[in-house]
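Right, one structure below, let's go through it.
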Amino acid sequence: MEDEKLLMARLATFSDGAASWVERAREQDFDPDAIEHVEEAKEHVREALEILDG
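In structure tokens, the structure reads:
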């Protein structure tokens with residue numbers, strides 16, 4: 001159970017960091033493909049969190 005909580009915390013941290021990165025990347029006109037890949041990864045993390053929280 002502790003491992004699951006640790007994983008959920010790490011996934012949440014990644015999701016928050018990815019959201020911040022996407023915001024900054026858009027402001028700085030980063031490569032749209034890179035932004036899209038990070039957004040997709042963030043969505044996969046959200047889905048994983050929903051499954052774990054299930």
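The numbering of the sequence shown is the working numbering, which starts it at 1 and goes up by one.
The C-beta atom is built at its ideal place from N, Cα and C for all residues, glycine as well.
CB-CB under 8 Å to Val38, same chain, minus the five flanking residues each way: which ones, in chain order?
Only Ala18, Trp21, Val22, Ala25 meet the Cβ criterion.
Please find out if some non-hydrogen atom of the ligand MN comes closer than 6 Å to the beta-carbon of Asp3.
With respect to small molecules bound, the structure shown includes none, and the ligand MN cannot be examined in it.
For Gly17, does the three-state DSSP call read helix, strand or coil?
Annotated three-state conformation of Gly17 is helix, per DSSP.
Under a three-way DSSP split, which group does Met1 fall into?
Collapsing the DSSP output to three states places Met1 in coil.
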